[in-house]
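Engineer: One structure is given below, represented as structure tokens, and several questions about it will come after.
Residue numbers (my numbering), protein chains in the order written: chain A, 1 to 145; chain B, 146 to 240.
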């Protein structure tokens, strides 16, 4: 089981994972907002700038639609890793969306979308502060013991 | 590319699995620390950015640029630091 958390004041659901961008030689930890309404996983500028991504190096132009209208994101091959402490690592090879830097969205957390969430079963119980995920599928499962 | 090759490529990119597990546990602790201290953070850091590493507040400031400067000056690994904007009046988020 993977364990997530609920933000104390926001009540938003989060899970922490490791992001690897092989072509950019970048790796780092991300606290993802769990968003079953998002089709794909997206890295937002708060994390992109923290990881020192050179936005000038990015390519791709993927259009998406949200409540604020159309947006155009970069795309990048990525590996996202989650850990079940001292038991397993679960890794997923995805095409990550990377939102361009925009002062209006700097406070938005990065989003974990259904490209990964569809491979888990989720228990979402904010009343009991219980957010757990059973991994049904992973591209790679690495035993830790 | 066949499945075995694809898996090997992912494995090559992972690095040491035990290190990832340990570092992610540390990062989770920082994230939970930020959550559990949030009411106090709101009083102390209202409308400021805060960076937490290894469960401790390592930087605070009015702009993200000042956070990055402080972290870099302390030689902290940005990739393992969690950064959040503290605001009593959180905006409603509709994604």
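Just so it is clear, CB atoms sit at the ideal spot from N, CA and C, and this is done for glycine as well. From a predicted model like this one, the values you see are computed outputs, not experimental measurements.
Could you work out which residue in B/162, B/163 and B/223 is closest to residue 51 of chain A when comparing CA atoms only?
Structural biologist: Locating residue 51 of chain A in the first chain gives position 51, counting from the first residue. With distances taken between Cα atoms, residue 51 of chain A lies closest to B/223.
Engineer: Going by beta-carbon coordinates alone, are residue 34 of chain A and residue 14 of chain A separated by less than 8 Å?
Structural biologist: Along the first chain, read from residue 1 onward, the residue named residue 34 of chain A stands at position 34. Along the first chain, read from residue 1 onward, the residue named residue 14 of chain A stands at position 14. It is a contact, given that the beta carbons lie within the stated cut-off.
Engineer: May I ask which residues mark the beginning and end of the alpha helix (DSSP H) holding residue 28 of chain A?
Structural biologist: Stepping through the first chain from its first residue, residue 28 of chain A is reached at position 28. In the DSSP annotation of this structure, residue 28 of chain A is not part of any alpha helix (DSSP H); the continuous beta strand (DSSP E) holding it starts and ends at 26-34.
Engineer: Among A/56, A/57 and A/95, which residue has its Cα nearest to the Cα of residue 75 of chain A?
Structural biologist: Taking the first chain and counting its residues from 1, the one referred to as residue 75 of chain A is at position 75. For residue 75 of chain A, the nearest C-alpha among the options comes from A/95.
Engineer: Can a CB atom of chain A be found closer than 8 Å to the CB of residue 176 of chain B?
Structural biologist: Taking the second chain and counting its residues from 1, one reaches residue 176 of chain B at position 31. Answer yes: the Cβ-Cβ gap between residue 176 of chain B and chain A drops below 8 Å somewhere.
Engineer: Out of A/9, A/99 and A/38, state which residue places its alpha-carbon closest to the alpha-carbon of residue 62 of chain A.
Structural biologist: In the first chain, counting from the first residue as 1, residue 62 of chain A sits at position 62. Minimum Cα-Cα distance from residue 62 of chain A among the listed residues A/9, A/99 and A/38 corresponds to A/99.
Engineer: Looking at the unbroken beta strand (DSSP E) that takes in residue 121 of chain A, where does it start and where does it end?
Structural biologist: As a position in the first chain, residue 121 of chain A is number 121, starting the count at 1. First-last of the beta strand (DSSP E) with residue 121 of chain A: 120-125.
Engineer: At 3 residues or longer, what runs of the beta strand (DSSP E) sit wholly inside the segment 18-96 of chain A?
Structural biologist: 26-34, 59-66 and 69-84
Engineer: Under three-state DSSP, which class holds residue 150 of chain B?
Structural biologist: Counting from one through the second chain, the residue named residue 150 of chain B turns up at place 5. Helix.
Engineer: Pull the bridge partners of residue 228 of chain B from the DSSP assignment, please.
Structural biologist: By 1-based counting over the second chain, the position of residue 228 of chain B is 83. Paired residue(s): B/196.
Engineer: How close, in whole Å, do the beta carbons of residue 144 of chain A and residue 88 of chain A come, if the pair is a contact with beta carbons under 8 Å?
Structural biologist: Position 144 of the first chain, counting from 1, holds the residue named residue 144 of chain A. Position 88 of the first chain, counting from 1, holds the residue named residue 88 of chain A. Confirmed, Cβ separation roughly 6 Å.
Engineer: Give the interface partners of residue 199 of chain B over in chain A, defined as CB-CB distance under 8 Å, in chain order.
Structural biologist: Here residue 199 of chain B corresponds to residue number 54 of the second chain, with the count starting at 1. Those within 8 Å of residue 199 of chain B in chain A number zero; the least Cβ separation is about 12 Å.
Engineer: Could you check what DSSP says for residue 109 of chain A in three-state terms: helix, strand or coil?
Structural biologist: Taking the first chain and counting its residues from 1, one reaches residue 109 of chain A at position 109. Of the three classes helix, strand and coil, the one that applies to residue 109 of chain A here is coil, per DSSP.
Engineer: Taking residue 134 of chain A as the reference, give the member of A/72, A/121 and A/117 with the closest Cα.
Structural biologist: Counting from 1 along the first chain, the entry for residue 134 of chain A is found at position 134. With distances taken between Cα atoms, residue 134 of chain A lies closest to A/121.
Engineer: Using beta carbons (cut-off 8 Å, strictly below), is residue 50 of chain A in contact with chain B?
Structural biologist: Position 50 of the first chain holds residue 50 of chain A. Taking Cβ atoms only, chain B reaches closer than 8 Å to residue 50 of chain A, which makes this a yes.
Engineer: Please list, in chain order, all residues of the same chain as residue 107 of chain A whose beta carbon is under 8 Å from its beta carbon, the five residues on each side excluded.
Structural biologist: The residue given as residue 107 of chain A occupies position 107 in the first chain. Counting only Cβ-Cβ distances below 8 Å, and skipping sequence neighbours, we find 46.
Engineer: Does any C-beta atom of chain A lie closer than 8 Å to the C-beta of residue 158 of chain B?
Structural biologist: Within the second chain, numbered from 1, the residue matching residue 158 of chain B stands at position 13. So, interface residue.
Engineer: Can you list, in chain order, the residues of the segment 83-97 of chain A whose Cβ is nearer than 8 Å to any Cβ on chain B?
Structural biologist: 83, 85, 86, 89, 91 and 93
Engineer: With 16 as the cutoff for other CB atoms within 10 Å, does residue 104 of chain A come out buried or exposed?
Structural biologist: Numbered from its first residue, the first chain carries residue 104 of chain A at position 104. Exposed, because fewer than 16 other Cβ atoms sit within 10 Å of the Cβ of residue 104 of chain A.
Engineer: Look up residue 190 of chain B in the DSSP assignment and give the residues it is bridged to.
Structural biologist: Walking along the second chain from the start, residue 190 of chain B turns up at place 45. Answer is none; residue 190 of chain B lacks a bridge partner.
Engineer: Can you tell me which of A/48, A/59, A/37 and A/112 puts its alpha carbon nearest to the alpha carbon of residue 67 of chain A?
Structural biologist: On the first chain, position 67 is the one that residue 67 of chain A refers to. Out of A/48, A/59, A/37 and A/112, A/37 has the C-alpha closest to the C-alpha of residue 67 of chain A.
Engineer: Count the C-beta pairs between the segment 162-169 of chain B and the segment 111-120 of chain A that are closer than 8 Å, then say yes if the count reaches three, no if not.
Structural biologist: no
Engineer: Skipping 5 residues on each side, what residues in its chain have a beta carbon closer than 6 Å to that of residue 200 of chain B?
Structural biologist: The count along the second chain starts at 1 and reaches residue 200 of chain B at position 55. The answer, listed in chain order, is 174, 175 and 178.
Engineer: Quick one: Cα of residue 165 of chain B to Cα of residue 83 of chain A, how far?
Structural biologist: Looking up residue 165 of chain B in the second chain gives position 20. Looking up residue 83 of chain A in the first chain gives position 83. So the alpha carbons of these two residues sit roughly 8 Å apart.
Engineer: Counting only beta-carbon atoms, is residue 106 of chain A nearer than 8 Å to chain B?
Structural biologist: Against the first chain, residue 106 of chain A aligns to sequence position 106. Yes, because at least one Cβ of chain B sits closer than 8 Å to the Cβ of residue 106 of chain A.
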